[in-house]
Each structure stands twice: as C-alpha cells, then as structure tokens.
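The numbering used here puts the first residue of the sequence shown at -15, with every later residue one more than the last.
The next block holds one structure in the form of structure tokens; read it before the comments.
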Amino acid sequence: GVPGSVGGGLIMNAGTYLGEFTSVVTWVESVRLADATPVRRDHAACGFRYRASDLPPDELVVRAGLTLRPRPRAEADAEIRELRARRAAREPKKVASNGSTFKNPPGQFAGRLIESAGCKGWQVGDAVCSPVHANWLVSSGRATCADMLTLIDRVRDRVREVHGLTLELEVKILGEVL
-15 GVPGSVGGGL IMNAGTYLGE FTSVVTWVES VRLADATPVR RDHAACGFRY
35 RASDLPPDEL VVRAGLTLRP RPRAEADAEI RELRARRAAR EPKKVASNGS
85 TFKNPPGQFA GRLIESAGCK GWQVGDAVCS PVHANWLVSS GRATCADMLT
135 LIDRVRDRVR EVHGLTLELE VKILGEVL
C-alpha cells in the first residue's frame, strides 16, 4: 500500500516498484479553486510521469476512474500480508517521517546512493537520515521544518559530491520556513 489520499496519489503519480497510479487511471475529474469550474481529463491529458503529473496545483481532484484487476479475496489478502511484511523489514517504524524523500534516478535507488555516500545516520537537530532506510528522513523527537530542509540539502550535496548526481525531491515542500 501507499500511504496518502487518492487525489494526492494522482497528482504525484504515487507508486512503488510494483507500479504507479498511471497504470490504472482512465480519467480524472477536478475542480478549479478560483471559480469552482469542473474539469475532466482523460488519461493522456493528465501527463503522468515518474512521481509527477500535469494536474494543475490550482485544482482539487474530486473523482477518478480506475481500472482494477479483479482477484480472489484470499489471493489479494495473501499478497498484501507478504508486501506489508517485506515493507516492515526495510522501513522505519513508529517514527514521524516523510516516507521516501528523494526520487529514484533512472536505473538507480536513491537510498543506496545516499547510503554509499555515507549519509545514513546523519542528524541535524532532531532530523535524522534513517539508519533503517537512508531515503527516509525521520524525526527522532521534535524535528523542525528547518532541521529537515537542512538535512535534505546536506544529503543532496553529499550525493552530488560522491556520485555526481543531483537527487530530486519526491516530497513536496509547501509554505515558508519560519
């Protein structure tokens, strides 16, 4: 499973190594916030790509058509249990986090790049590059937005220095840092 809402998942084309929203979406309906005008787009007009879409930020997603593959309940439940167990073994538990912080560059994994650059365990204030999964930045207590953003910049700088790649954010930064 992917945490979050369907609307947010559509906007960022959320997914895992198993697939993304783009593979099941047939259409999306949204409402323009400025004038409440409804807008309907077919799949092609959504402009889905890795962790992004062309769905405008000034619209609110209200409905979507999804084409899902029916399966026997027991089969689906068994796969869900297996995937949850696999995820639990490699993701931080019971800590506040952003989830995956950086997008995977083509053919690579951001977590592996971060770890091989020596960033795993780095800390700024209460923001920590998780010792469980390096692409998860977590709060060890009361991390501030400034702590997280500073850690993001330091990790990105180190990966660029070691690997010559600039990691792109998967998370969206909203508002201003006070």
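Backbone N, C-alpha and C define an ideal beta-carbon position, used for all residues, glycine too.
If you're wondering where the values come from, they're calculated on a predicted model, not measured in any experiment.
List the residues that DSSP assigns as beta-bridge partners of residue 7. Locating residue 7 in the sequence shown gives position 23, where the first residue counts as 1. For residue 7, which the question treats as bridged, DSSP gives no partner whatsoever.
Spatial distance of residue 119 from residue 47 (CA atoms): For this step, residue 119 is matched to residue 135 along the sequence shown. For this step, residue 47 is matched to residue 63 along the sequence shown. One C-alpha to the other measures close to 31 Å.
Do residue -2 and residue -12 count as a contact pair if the criterion is CB distance below 8 Å? Walking along the sequence shown from the start, residue -12 turns up at place 4. Walking along the sequence shown from the start, residue -2 turns up at place 14. The answer is yes: Cβ separation under 8 Å.
Using the Cβ count rule (16 or more neighbours within 10 Å means buried), how would you classify residue 101? Position 117 of the sequence shown holds residue 101. Buried, because 16 or more other Cβ atoms sit within 10 Å of the Cβ of residue 101.
Use the C-beta contact count for residue 7: other C-beta atoms within 10 angstroms, 16 or more gives buried, fewer gives exposed. For the purposes of this step, residue 7 is taken as the residue at position 23 of the sequence shown. With fewer than 16 other Cβ atoms within 10 Å, it is exposed.
Assuming residue 15 contacts residue 27 under a Cβ cut-off of 8 Å, what Cβ separation, rounded to an integer in Å, is found between them? Here residue 15 is taken as the residue at index 31 of the sequence shown, counted from 1. Here residue 27 is taken as the residue at index 43 of the sequence shown, counted from 1. That pair is no contact at about 19 Å.
Kindly indicate which residue of 74, 73, 147 has the alpha-carbon position closest to the one of residue 92. As a first step, residue 92 must be located in the sequence shown, where it is residue number 108. Its Cα nearest to that of residue 92, the residue 147 stands out among 74, 73, 147.
If you count every other CB in all the chains shown that lies within 10 Å of the CB of residue 140, and 16 or more means buried, which is it? Residue 140 sits at position 156 when you count from the first residue of the sequence shown. With 16 or more other Cβ atoms within 10 Å, it is buried.
Near residue 103, which residues of its chain fall below 8 Å by C-beta distance, leaving aside the five closest residues on each side in sequence? For the purposes of this step, residue 103 is taken as residue 119 along the sequence shown, with counting starting at 1. 113, 118, 138, 139, 142, 143, listed in sequence order.
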